[in-house]
Structures are given as structure tokens and as C-alpha cells.
Amino acid sequence: MGIRSTALRALGGVVSPAGSRARLSVLIYHRVLADPDPLVPGTIDAPAFERQMRTLAAHCHVLGLGGALRRLAAGTLPSRAVAVTFDDGYEDNVRIALPILRRLGVPACFFVATGFLDGGMMWNDIVIESLRGARGDMLNLDVMGLGCLRIGALAERRAALHTILSALKYLSPAERSAGTEALRRAAGARPAIRPMMCADDVRHLYREGMEIGGHTVTHPILAQVSADEARSEILEGKLRLEEILDAPV
Numbered sequence: 006m007g008i009r010s011t012a013l014r015a016l017g018g019v020v021s022p023a024g025s026r027a028r029l030s031v032l033i034y035h036r037v038l039a040d041p042d043p044l045v046p047g048t049i050d051a052p053a054f055e056r057q058m059r060t061l062a063a064h065c066h067v068l069g070l071g072g073a074l075r076r077l078a079a080g081t082l083p084s085r086a087v088a089v090t091f092d093d094g095y096e097d098n099v100r101i102a103l104p105i106l107r108r109l110g111v112p113a114c115f116f117v118a119t120g121f122l123d124g125g126m127m128w129n130d131i132v133i134e135s136l137r138g139a140r141g142d143m144l145n146l147d148v149m150g151l152g153c154l155r156i157g158a159l160a161e162r163r164a165a166l167h168t169i170l171s172a173l174k175y176l177s178p179a180e181r182s183a184g185t186e187a188l189r190r191a192a193g194a195r196p197a198i199r200p201m202m203c204a205d206d207v208r209h210l211y212r213e214g215m216e217i218g219g220h221t222v223t224h225p226i227l228a229q230v231s232a233d234e235a236r237s238e239i240l241e242g243k244l245r246l247e248e249i250l251d252a253p254v
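So the sequence shown is numbered by the numbering used here: it starts at 6 and just counts up by one.
Next comes the structure, spelled out in C-alpha cells:
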């Protein structure tokens, strides 16, 4: 074992000791792309993801989330305990991330928003792909109260993306849906990709030994909906996953 590896393990043991004082680090991923995306440079790609998983496998105790939580409650976590999770239910989790996880023996939990399975698309992806396909140097979004945004250069398109996502994120679901549709019309581009899993993908993950968790139906910000709506989103998402898997979630 090299000096760097020894140092990492020693530091990890101090920061995250075993037993009753143990800490569980939970890594949250969303998409894992085959190649870097210039429009969304913060999204991890396959080579970077594999490097991260190799580092975890070499220097940490990577546990399934359910087992890790049970051991945390019991005070029996090992040092350097880590769990890997994925949010939303993107199909590249199955196509790109899963083979890497299997090859390195890394377990993971996938939290799936059921309303987008089998051909759906989350609002933020509609924004990204509409902006990606927009032509010209300017995008008139007066209808959204955003004026005309410059999109000619890549940096300008990234800035426009940030502006639009920020403007829509905390709107009500109905207002956000209207906003994304207005953007789609203004951009003149109808997204062709379908980035989310299908039900068979969820079953495949489960058969491969991965954990599946609920992530609501339509992915609202739960703090911004009523208690009844939040309860319905959580329960209906859970029930749909259990129907797909024929197993408890």
C-alpha cells in the first residue's frame, strides 16, 4: 500500500471512526454521462465517475444504504463508511453507471420518481434540451418575464440556462409547467431525447442487487406543497415501485 493510500485511510479513520461515534457519508448522484456535456459541465461523466468509485472501493467501506442505516442506528458502522445513491431515475444510471458499479463491487441505492418512467421528462431536462436546440444568438423570453437572453456563445447559453432554471425552480408545479412550455415554444426545439428509465430498467437494477427507493411521483419540492399532496406523492411513488418490483420498497 502506497504512502498516499495509507494516509487517506488513516485520515478517514480519524474523521469517520468505527462504532458508536461512526459517521455515514452519503454520496448523491443524478446523471452519469458517457462524455462531458459542454452545456452542463457540472454533470459527471463515465471516466470521472469510475475514478471516484475506484477511490471509494480502495479507501472506504462502501455499504448498501439500507444496511448502512441499520448499522448506524445500532452503532456498528465500520470506519470510513460510505453509501452511494442516485436520484430521479435517469436511464444512464443503468446504461453507464451500473456496469461500473458491478465491475468494482460497489452497491448503490436508486431513488426513482415514478411519474417520468417510460418516456417522461423532468422539467429541468426540458429546459436544458430546449435551450440546447434553440437557434440564433438571442432567445426572446418576454413571455416569461426574462426579456431577451443572449445564447450565441457557449458561455452565454450556460448563463441563460442558469437564469431560466433559477426562475422556474421555486414556482408552483402548474406555473413551472407553463414556463417550460413557453420556453419550448420560444426555442422552437422539441427535445428528442428520453433521459429517464423505463419500468424494466428499475427491475433490472433490482435483479442486479441494487436497492430501489421512492422519490415521489412528479418530483415536487415537498416543502412547497400541502401535507396531503406530499403524502400522496410519497405513497403513490412507493406503491408504483412496489408494483413494478413485486417487492416492498
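For each residue, glycine too, the CB sits at the ideal point set by N, CA and C.
Membership of L250 in the alpha helix (DSSP H) is indicated by the continuous run A232 to L250. By the 16-neighbour rule on beta-carbons within 10 angstroms, I217 is buried. For L29, the enclosing beta strand (DSSP E) starts and ends at L29 to Y34. Of all alpha-carbon atoms in Y211, L82, G150 and H66, the one lying nearest the alpha-carbon of L250 is that of Y211.
The stretch 127-136 makes contact with the stretch 184-196; the number of CB pairs closer than 8 Å reaches 3 or more.
With a threshold of 16 other beta carbon atoms within 10 Å, P112 meets it and is buried. Partner residues in the beta bridge of V117, as assigned by DSSP, are D93 and G219.
Here the C-alpha atom of G120 lies approximately 17 Å from the C-alpha atom of R36. Around the beta carbon of D205, fewer than 16 other beta carbons sit within 10 angstroms, so the residue counts as exposed. In the three-state reduction of the DSSP assignment, M201 falls in the strand class, which pools E and B. Taking 4 residues as the minimum length, the alpha helix (DSSP H) runs contained wholly in the stretch 140-192 are 159-174 and 178-192, in order along the chain.
Pairing T185 with A79, the inter-Cα distance amounts to about 46 Å. For L136, the enclosing alpha helix (DSSP H) has its first and last residue at W128 to G138.
M58 is positioned such that its CB atom lies closer than 9 Å to that of L109.
For H64, the enclosing alpha helix (DSSP H) begins and ends at A51 to H64. If the five residues before and after T223 are omitted, its C-beta is found closer than 6 Å to the C-beta atoms of G120, all from its own chain and listed in chain order. If you draw a straight line from the Cα of G219 to the Cα of C114, it is about 10 Å long.
Under the DSSP assignment, A78 falls in the alpha helix (DSSP H) whose first and last residues are L70 to A79. For P104, the enclosing alpha helix (DSSP H) starts and ends at L103 to L109. As the crow flies, the alpha-carbon of R195 is around 13 Å from that of G125. Taking the CA atoms as reference points, H167 sits about 39 Å from A252. The DSSP-derived three-state label of A228 is helix. Only residues of its own chain outside the window of five on either side were considered, and among them A235 have a CB closer than 6 Å to the CB of L227, listed in chain order. Taking a 10 Å sphere around the C-beta of G242, we find 16 or more other C-beta atoms and assign the residue as buried.
Taking C-beta atoms as the reference points, P178 and V99 fail to come closer than 9 Å.
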